[in-house]
Structures are given as C-alpha cells and as structure tokens.
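Protein chains in written order, with the UniProt record's numbering: chain A, 1 to 356; chain B, 1 to 356; chain C, 1 to 356. For each residue, glycine too, the CB sits at the ideal point set by N, CA and C. Written out below as structure tokens is the structure these notes cover.
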Amino acid sequence: MALSHLIDLNDCTTSEWDELIRLAADIRMNPEDYLSRCRGKIMATLFYEPSTRTQMSFQAAMLRLGGQIIGFDNPINSSVAKGESLKDTIKIVSGYSDILVMRHPIEGAAKAASLYSNCPIINAGDGGHLHPTQTLTDLVTLSIEKDGLTGHTIGLCGDLRYGRTVHSLIKAMCKIGGNRFILISTPELTVPQYIKDVMDRSGCEYTEVNTLEECIGDLDVLYMTRIQRERFATPEEYEQQRGIYILDREKMKKAKKDLVVMHPLPRVDEIENEIDNDRRAAYFRQAVNGMYVRMALILKMIENNLKIEDTPKILDNNHTCHNPRCITQQEHYLPHYFKKDAAGNLACIYCDDKQR
Amino acid sequence: MALSHLIDLNDCTTSEWDELIRLAADIRMNPEDYLSRCRGKIMATLFYEPSTRTQMSFQAAMLRLGGQIIGFDNPINSSVAKGESLKDTIKIVSGYSDILVMRHPIEGAAKAASLYSNCPIINAGDGGHLHPTQTLTDLVTLSIEKDGLTGHTIGLCGDLRYGRTVHSLIKAMCKIGGNRFILISTPELTVPQYIKDVMDRSGCEYTEVNTLEECIGDLDVLYMTRIQRERFATPEEYEQQRGIYILDREKMKKAKKDLVVMHPLPRVDEIENEIDNDRRAAYFRQAVNGMYVRMALILKMIENNLKIEDTPKILDNNHTCHNPRCITQQEHYLPHYFKKDAAGNLACIYCDDKQR
Amino acid sequence: MALSHLIDLNDCTTSEWDELIRLAADIRMNPEDYLSRCRGKIMATLFYEPSTRTQMSFQAAMLRLGGQIIGFDNPINSSVAKGESLKDTIKIVSGYSDILVMRHPIEGAAKAASLYSNCPIINAGDGGHLHPTQTLTDLVTLSIEKDGLTGHTIGLCGDLRYGRTVHSLIKAMCKIGGNRFILISTPELTVPQYIKDVMDRSGCEYTEVNTLEECIGDLDVLYMTRIQRERFATPEEYEQQRGIYILDREKMKKAKKDLVVMHPLPRVDEIENEIDNDRRAAYFRQAVNGMYVRMALILKMIENNLKIEDTPKILDNNHTCHNPRCITQQEHYLPHYFKKDAAGNLACIYCDDKQR
C-alpha cells in the first residue's frame, strides 16, 4: 500500500479534515488514552532552517504519544549541508525512522522528499509555499472555540497580500463553505485576485475594509497577522497607519462578547499585551491546539490511516519549472513532474507554480 | 492551587531543603524505584545561553524519572530570538510541557517567566544572579560526604568577591547554622560586606586568610573556585600569587584525612590533576549528585509538592529598577514589582536589586 | 570487572565480530524483541565535531532499544569548549550516563577518554584514525547481502591512499581471510605499502588496476568511495579521468547479476543517481544496517558482554608521541602510554603512531 504523505492540506477531503479535528479534540480531552499509541516509533525532525516553536510542537506531540525523536535543527556545518543531496539524506534518515517532519526554505522540498522516503512525510513548511499543520491548527481552534466551522463572520487583518497563513485559511474555509469574510488591510495589502476568485467560486461573501474599528463589532472571529514595516509605502505611512491595525482594549470594547481572537504567532506589536488576559484572546490556546492536531496527524499517519488523493503526474523533462525558488532549481536529479488543472494549464508538482 | 516555581532557594524553608536532600539521597541509593515516576511528562529546557553540562544534568535527571525532554540550547537564529517576547515564548512552551527549566543571561528572567507560565519553572541560572540547583548540589554533597550540614569548618578559596556560587553557599550554610568559615583569597578578592553581615547575623564565625597553606590543616571541607587571571592587580601579581591558591599534592599532605574537596566545575588549573585520584576529591561525585538533586526537585515539582513562600509584591509602575542588567530593562511589558525588606527598603522582585 | 570500550575493532576477535553480526541480523528481523532491552539506560552522544548522520544512527539505535539519549553536537560556545579538559568532561558526563558515544576531530581522543570514563565508550570516529562502527556496518552488509564474509572478489574504487574506511575494511577482511581484492584507482591514489603488507601476510591476493571498466565483470562486491577533486595532479587530469571512476548504467551492464555495490556515504557524484533503483545498489540498505549493528553493539556493551583484549601498556613519560594530530599534543595531563608490536617497535597507545 502506498505511503500517505501530508504535503498539501488540499490532498485530503474535508471529511478527512473532520476526522483529524475530532481526533485532536478527543486527544485534548483524554490525553492519557494516547500515552502509548506510538510506543517504539521514531519521528525524525529535519529542520533545514530553524523554527524552534514548530519543532517543539511536533516533538512534544510525538513524545505525548509515547514515541521518540531524532533530528537536526541547524544543518549548517553538518554533513547534510556538505553537498549531500536531499534525496540521499531522505533515503538514509527514512531508513532510521517511522515518520519524517520536514521544514525547508525552498518551495516544493517536502514534495521532492516524498518521492524518495521509506516512511510518511509531514510538510512543516516549505519556503513561502505551504504549511499544512498551521492551517489544521487554525481549523481545530475555530472548531473548538466556535463549536463548528460554518456560519461565521471571519475578519482577517494585516498583510493579506503576502501572508501565506491567511491565504491557506481562506482556501480551507471556502472548501468547507458557509462563512463570510471581512478583509481588513491597507489598499496596498489586499488579498491577491486568485484568492478573491476562490471566495467567489465557493459562494462565500467577502467585504474589503480599511480599518479594524469599522467592522470589529460584526465579527465572530478575528484573525490577526503582522504587517511588516517595509510593506507600507513610506515610513510616514507606517507611523500614521499602524495604529489602525493594532488590537487594543479600546477596540475590544466594541467587539462581540463571544469574539474569538486568533494569531499564528509570533506577534510583534499588532496585539497589545493588555489583551492577553481577555477571555476572547484565543491565540495561546491556539498554539497548544497545534500540539494536539499534530498528535492526531502523527497518529493517523503512523497507523497508515490518512487518506490522501494523489494527483496524476505528467513527466515532462523537456519543460523546466520557471519558479526560481522551486526545489527543482537546486536538486537537478528530480524528474520534471507537472499536473494539469481544470483549465488544462500545467503546474509544477513540487511548487505549484503555473507554467507559462 | 498556585504553581510552585523554584527561582530562589531562599523561597524554601530549611526543612524543605532537608526533604529535597533526603529524597536525592534515596534516589541515589534506589534509582530503580524512580524509573517511571514522571512517565508521560515533558520537561522543556529553555537555554537562552548555552550551558552544556547544566542542561545535560537536567536532561539526564528527567529521563531517569521516565519523563521526556524538548527544548533549545542556542536561540540565535531561532524564532525565540526573532523579536518574540519572553512572555509569549513562555506562554506557548509552557502549554506543551509539564515543567520548564530556564537558563538566561539576564538577571531576573526566571522570575519574569514565572509570572506567565502554565507549569512550574526551575531557574537554571539567570545571569550573575541566582543558580539554586548549583547550591542544592553543594548541600547534598556536603550532607552525603560529611554526614550532615552542621558542625563543619568550611574553607572557601579563590575569587570570593565576584563568585555567585560562593555567596549562595555561604548564605545557605548560615541559614542552616552551626558552621565556621575560613575565607581564603587575595586582599582584593575577599567577600563583599553584605556577605560578612549575613555571617555575623547568623552567629557563624569566620576568619579571612591569604594562603591555603596556613589553614588547610583545620578544614573539614574545602570549596575551591577559580580566580580569573584578570582579577589580579597586575600580570606580575598573577604569576607570583597564583600558586598560593592552587591545590596540589603538597598541600593535601597537610590536610585532614577526612577533608572533602569540592568545586562547582569547570576547573581551569586551581586543582592539580594529580589530586583527582585522592579519595578526598569529591568534585566529580558532586557533579553526579547534581543529577540526583535535580531528580528530587523535578519529582517534587511535577507532583506539585514543593512548598514555596511567595514574597508579597508591591506594584509601583512609577518606579523603574535601576539595575542595567535587570530583565525589566529589556522586556518592557513587565509590571514593576518590588518587595520590602525588614529595614523598609524596596528591592526589585526580579533581580533583587536594592532601589536607591 | 573492567569496562569494555570499543575504540579499535581489532581489540575484538573475529568470533566476537561474528556474534555482533549475528545479533545485528537478528535485531533486523525481530526488532520488536529488543524494544525494551535498554529501558532506563541513557546514552550520551558527545560529538566534538558535527556528524549528523552518524549521530542520528546511534540515537535511533539507542531509542529502538528503549533507551534514552542526551548529548551535544556542536561544542562551540558550550562549556565543554571553554577550556574544560577532555578528562573532566568525560568524568562528569559518564556519571550521568550508561554508555558514551564519542566523535572527536583529534586522533586518539576516544582512547584517552576511555582512561577516565565511568561507563563504556564507543569510538564514533577520532579524526582520520579509527571509526569502528563504520567497518562493522560494512561487515554486516557484506554478510547479509552475500550470505557470508569469505570467498568474495572485492573491488575497492576511488581514493585508496587516504581513505580510512577502505583501509579498515581491507584489514578486517584480511583478518577474516579467504577473499581477493581488486584495487581500482589512479596511480597516485593506490593503497599505502603497509596495507599491501597486511594483504600479503594474510595470504589474500590483490590486483591493482586503473579503470573500473576492466574489472567490474569479475567483482562480487564493489566498494565505491569518493575521490576529492584536489587529489588529482591537475584540474585537467581531474576533468579527464573522473569519469573512469564514476559508476553508471553503462558500467553496471558489464557487472554480475549478483554484484553488491556499497558506499560509506555521503556520495558526491561517483555513483550516478540512475543506479539507485538497481537491485544491486546496496548503499542505502548499508546505511540502515549501520543502525542495526549499533543496536547490537550498544546492547552487548550495556550488558557488559563485549569481550575486549586490552593491549599491555608501557608508561614512558620520557617519550612524547611525535604525531602532531595526536590527542597527547593537546591534553597534557595524559600519561604517555606506548605499546610494543611484534617487531619490538613502540607505538603510541592513543593514535597508534609508530615512534621513531
């Protein structure tokens, strides 16, 4: 039977998401029932770039299932950086392990690794491309905090143009359906057109606004993200506008009593510290949910129980992916695989880049 | 019930120390009885500066109790160094863990962390301020090697002015009482006045001498520490005087047959290698005792069984701690808490600095 | 009873090797029988230079036996690099652990450590000197893939002059006996004379050839290694000759159907990626065998069941080892121990350097 890798959350059906969410919620309530479920199993965490919190979350998840961990978090100077190909590292480490968790700065690296691994792989972030366990964390948190995933008015605030987290969450909530979005950003940082198309196709309404204040009273959920200083047109605009996107006690007064405030963390200053003790601030609970949903995922994958739909691959070594940040630009032995979308366009199977 | 953090050894009574010492001694004799006592529990070691030996001692302690470990030892490049506040890191990691062990270069960091943690914290060193498990290690070793903690003539040799370890040990032995100190150093490196006051108040006698040779025959215990080259007035004085503070076979000939030689390690050259095989050299046994006392401490804290007296806190945001090495200088959201000593003076609750 | 350290594979008899090989094979077939054999035991991995793959292999081995791991992989900045002697680090860490695995850039470091350790030590590489578990991995792989260790025609290809791995393997196969070697290299990179002497004394035939093509059809085993670009006389020779030593599909067509291709890894380009799916490519299986043989070794050593013949040591502090890469040049407290070979020559007991 084929191994199931979790590279892209969209390779699972929403009913598979539901199972993961329900399992995570059960583990959260009854952790002692799961203490030995992965006894004798080893997870390798291959972090080609450091991401301390994500790595600790995965490690705690595996240990709380009774499994064990090996891995690295800083490949500089290590043999894996000494000219060894990704393929060879994966071949070897997957021979020592029962599951791999991989973080890599290059887009498509996790997909590439999955071609060679002898055990299941979880994508823990491949450059700016995908980070499926972050989105799963958001879904579990929404589900627990709001008792379900439909019927909500969801505000998303901050850098909506470049934020991978926000795009993945909108896509996931549109696949589930039955929600309404309010998009809160500067005019320069609105969501890209292809995300608007996703919302339109799904039948989910959305509104774009420029201030948090004008909409906070309508929201059931507020998903905050960071706006990097350099995203503003000028330093003056930054100084002038930043307060509009900072959540403070004043703005919270206008919010519903059962608003849920989420944030993928780390935050810089977009949520004031004074909000942390507000019952509606869910972001620290969200971080802990990340551990529970990773437990659910690891458990299903170790028991070879995660259903993944594998996209049909077209091998075309005459074409090369044009994305300069794609893993195929770096690991030259990789076969040039593409997939065809509904419109008949080719996209790179590693980085999802549409080929021109 | 409130969580018990071990930030400062003086937050425990001496009867609480006794319990820890007795438990450590029992674990040392019957380690197999404790193999599963922390099964299913996770300890996070948050080392904001590397301290390999301390970290390995804590890790071995937790593993020998059947628990598991996550953590970091080098936050450079990691997300915890990327502008995330100490508060946020502690909130998140304490959500993954059952106990935190924290080492930090800034004074008061452990106390600050304890305000936000969802699980007990052990201070594994906060700058030059406190390192309670080092002192506990010294007490356990003394207790085992000399069969008790009173009635001893204790020599302390080396840099008595700047050595945190020595100050903490003197304070602890004075609290226990019934001991005599011989302080062996250059005139420039004698103990500070406030330590002399502690000894005076406790009724413990002390003598200050300039050479190891003149007093070694009187000692029951000799606690050696390093004198850094740069502490001497001139390089010439260093060359001339250093031999006076080096323990060698010649000096050991004048010592009692049941002398106990201790050292917090690492040593440089203040104890000759030739002494290591002398039965009286206890410093390597001392290091192993460090593991046993950490096992005792972790066990009591995981079972929420450590009694801590919490100092009453005065909130005074009009005052700012003046210590430039205090954690409040760096983490600006921290409330400005002070405590009042017997004389009515305010001291910063994080770094213990007396406010002028 | 004396501790058994594995510093040099030649301190064991071939019947001891046989036992390790048989145990490794049994663990490979019945891993679940060994899941708890090291429960409650701790292995410390002291990696004074990073070697990610070797360290992960040892860690996975210990975890699959139910044991636990502590250690470091990058002593820069850590206390072990802050002037602490190797002796002190070993004294302390061996007090926390049940077995030590040590990697060090200096020749003889593992032997030096074994003088002070309170628990068994495994040498995981000491500079360019010894790496016994690599050779054990090769023996296990040969034994499994070829159903025995004698009667084979073994090709060794690449840098035969400087390759420690190749020298150790030839010595081991000569001690076992009954094999034939074909040595494939440029004239500048042939095996050193002392290795030829070993083969001659053992009665194993050998032939030296310049190309892989001329001999591949005769081989039962092909052991590939890397030739570093700088080993060639000129860049022109490198470009001209490298293809002669690269294994590709064309050359594999001339090889026997049951050839076994091995490589210590990491490879650079001396084996084409297209070979990886050839059933005869054994190098990734070899890497996994490394984990099983380390399990066998750890298990025997933890159970104090490995028989080591200890060489008689001659203490001669008037002599100093002349090898500039020897650990005695760095750790000055080490006693100057030598051993006498059959011809009466003295050799340093740490680095095996023959004294002039």
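Check: Strictly by DSSP, which residues pair up with residue 104 (chain B)?; Outcome: B:126
Check: Could you list which residues in chain A have their beta carbon closer than 7 angstroms to that of residue 68 (chain B), in chain order?; Outcome: 63
Check: Relative to the alpha-carbon of residue 138 (chain C), which residue among C:245, C:236, C:40 and C:20 has its alpha-carbon at the smallest distance?; Outcome: C:20
Check: Residues in its own chain within less than 6 angstroms of residue 362 (chain B) by CB, not counting five upstream and five downstream?; Outcome: Since the displayed chain B opens at 1 and closes at 356, residue 362 (chain B) lies outside it and no answer follows.
Check: State the start and end residues of the unbroken beta strand (DSSP E) segment that holds residue 348 (chain A).; Outcome: 346-348
Check: Can you give me the C-alpha to C-alpha distance between residue 144 (chain C) and residue 306 (chain C), rounded to a whole angstrom?; Outcome: 22 angstroms
Check: Ignoring anything shorter than 3 residues or poking outside the segment 24-48 of chain B, list the beta strand (DSSP E) runs there in chain order.; Outcome: 42-47
Check: Under three-state DSSP, which class holds residue 194 (chain C)?; Outcome: helix
Check: In chain order, which beta strand (DSSP E) runs of at least 3 residues are fully inside the segment 189-262 of chain A?; Outcome: 206-209, 221-224 and 260-262
Check: Out of C:172, C:195, C:160 and C:166, which one is the CA nearest neighbour of residue 187 (chain C)?; Outcome: C:160
Check: In three-state DSSP terms, what is residue 307 (chain B)?; Outcome: coil
Check: List the endpoints of the continuous beta strand (DSSP E) containing residue 155 (chain A).; Outcome: 153-157
Check: Determine, using beta carbons only, whether residue 72 (chain A) comes closer than 7 angstroms to chain C.; Outcome: yes
Check: Give me whichever residues DSSP pairs with residue 337 (chain B) in a beta bridge.; Outcome: B:315
Check: Closer than 7 angstroms, Cβ to Cβ, to anything on chain C: give me those residues from the segment 280-308 of chain B, in chain order.; Outcome: 284, 287, 288 and 291
Check: Hey, is residue 268 (chain B)'s beta-carbon within less than 7 angstroms of any beta-carbon in chain C?; Outcome: yes
Check: For residue 318 (chain A), count the other beta carbons within 10 Å of its own beta carbon; 16 or more makes it buried, fewer makes it exposed. Which is it?; Outcome: exposed
Check: What is the C-beta distance between residue 295 (chain B) and residue 27 (chain B), in whole angstroms, given that I count them as a contact (C-beta under 8 angstroms)?; Outcome: 5 angstroms
Check: Give, in chain order, every unbroken run of the alpha helix (DSSP H) that is at least 4 residues long and sits entirely within the segment 48-99 of chain A.; Outcome: 52-64 and 86-96
Check: Could you check which residue in C:74, C:69 and C:48 has the C-alpha nearest to that of residue 103 (chain C)?; Outcome: C:48
Check: I think residue 153 (chain B) touches residue 218 (chain B), with their Cβ atoms under 8 angstroms apart; what is that distance to the nearest whole Å?; Outcome: 6 angstroms
Check: Where does residue 342 (chain A) sit, in a helix, a strand or coil, going by DSSP?; Outcome: coil
Check: Under 7 angstroms between C-beta atoms, does residue 189 (chain B) make it to chain C?; Outcome: no
Check: Measure the C-alpha to C-alpha separation of residue 437 (chain B) and residue 259 (chain B) and round it to an integer number of angstroms.; Outcome: Residue numbering for chain B in the displayed model covers 1 to 356; residue 437 (chain B) lies beyond these limits and cannot be assessed.
Check: Does the segment 166-182 of chain B come close enough to the segment 8-16 of chain B to have 3 or more Cβ pairs within less than 8 angstroms?; Outcome: yes
Check: Look up residue 6 (chain C) in the DSSP assignment and give the residues it is bridged to.; Outcome: C:122
Check: With hydrogens ignored, establish whether the beta-carbon of residue 217 (chain A) is closer than 6 angstroms to any heavy atom of the ligand SAH.; Outcome: This structure does not include the ligand SAH; it has no bound ligands of any sort.
Check: Return yes when the Cβ of residue 42 (chain B) is within less than 7 angstroms of the Cβ of residue 98 (chain B), no when it is not.; Outcome: yes
Check: Anything in chain B within Cβ reach of residue 56 (chain A), meaning under 8 angstroms, just list it in chain order.; Outcome: 44, 70, 71, 72, 93 and 96
Check: Does any CB atom of chain A fall closer than 7 angstroms to the CB of residue 344 (chain B)?; Outcome: no
Check: Between the C-alpha atoms of residue 351 (chain C) and residue 167 (chain B), what's the straight-line distance to the nearest angstrom?; Outcome: 44 angstroms
Check: Tell me whether the beta-carbon of residue 71 (chain C) lies closer than 7 angstroms to the beta-carbon of residue 46 (chain C).; Outcome: yes
Check: Between residue 52 (chain A) and chain B, is any beta-carbon pair separated by less than 7 angstroms?; Outcome: yes
Check: Could you please give the first and the last residue of the uninterrupted alpha helix (DSSP H) stretch that includes residue 327 (chain B)?; Outcome: Counting along the chain, residue 327 (chain B) falls outside any alpha helix (DSSP H), and DSSP gives it neither H nor E.
Check: Tell me, please, whether the CB atom of residue 100 (chain C) is closer than 7 angstroms to any CB atom in chain A?; Outcome: no
Check: Quick one: any contact between the segment 226-235 of chain B and the segment 197-207 of chain B, if contact means 3 or more CB pairs under 8 angstroms?; Outcome: no
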